[in-house]
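Below is one structure, written out as structure tokens; comments come after it.
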Ligand code: MN
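Numbering (my numbering), first residue to last: -2 to 188.
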């Protein structure tokens, strides 16, 4: 049985970037539904009892869709904190971003462009390759970079349910605003 993760902040802590109302639906309804659906689909399937990442790597169909969305949202919701002005990574992660993109701003611009440019529903990810270099990828639907042998570090959800109540059709504005609530300590711990 999988359970709904706890949020590491109060429901209104991410405002005005992500409203308590959006969290009420995105976390309380959408993520809860993925958890309920996976728990209903697993008994009697070959994936029952496997860790979530293994289910995502091995399954397809409804089991994959719900498991992928749980893994993606668990990483998404635990990577935020209350808004910080001038929010930026530190340490090894910051050094690697500078090395590959030249600046945090250049990295963020590519990340937002890839999120804004993903057609339909999906996720934009920053991941580490086995050699330690970083890569930004677009993953449609419920997909996760673990399927490609990558280590996922940071993700922005570009499904409309992630931003429509607060930003309506303005996906790029939503993605740009998310930088102020990224908890870079959590992201670096995933490295
Ligand atoms: Mn979502």
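Glycine is no exception: its CB is placed at the ideal position from the N, C-alpha and C atoms.
Please read all numbers here as calculations on a predicted model, not as lab measurements.
Asked	Found
DSSP state of residue 134 mapped onto helix, strand, coil	strand
Range of the contiguous alpha helix (DSSP H) that encloses residue 58	58 to 74
Helix, strand or coil at residue 118 [DSSP, three-state]	coil
Chain-order list of residues whose beta-carbon lies under 7 Å from that of residue 36 (same chain, five-residue window excluded)	-2, -1
Rounded distance between the beta-carbons of residue 177 and residue 14, thought under 8 Å	6 Å
Bounding residues of the beta strand (DSSP E) (the contiguous stretch that carries residue 150)	148 to 154
Same chain only: Cβ atoms within 7 Å of residue 190, ignoring 5 sequence neighbours per side	Absent from the structure is residue 190, since the part of the chain shown begins at -2 and ends at 188.
Cross-strand partners of residue 124 (DSSP beta bridge)	132, 149
Proximal residues to residue 5 (C-beta, below 7 Å), its chain only, five neighbours per side dropped	75
Integer-rounded CB distance, given that residue 136 should sit under 8 Å from residue 122	6 Å
Distance cut-off 7 Å: residue 154 Cβ against heavy atoms of the ligand MN	yes
Residue 171: CB within 7 Å of a non-hydrogen atom of the ligand MN	no
CB-CB length for residue 182 against residue 171, believed under 8 Å	No, residue 182 and residue 171 are not in contact; Cβ-Cβ is about 23 Å, not under 8 Å.
With 16 other Cβ atoms within 10 Å as the buried cut-off, status of residue 179	buried
Cα-Cα separation between residue 82 and residue 167, rounded to whole angstroms	22 Å
Spatial neighbours of residue 73 in its chain, beta-carbon cut-off 6 Å, leaving aside the 5 residues before and after	152, 154
Backbone secondary structure at residue -1 - three-state DSSP	coil
Residue 158 beta carbon near the ligand MN (any heavy atom closer than 7 Å)	yes
Those residues which DSSP pairs with residue 77 across a bridge	179
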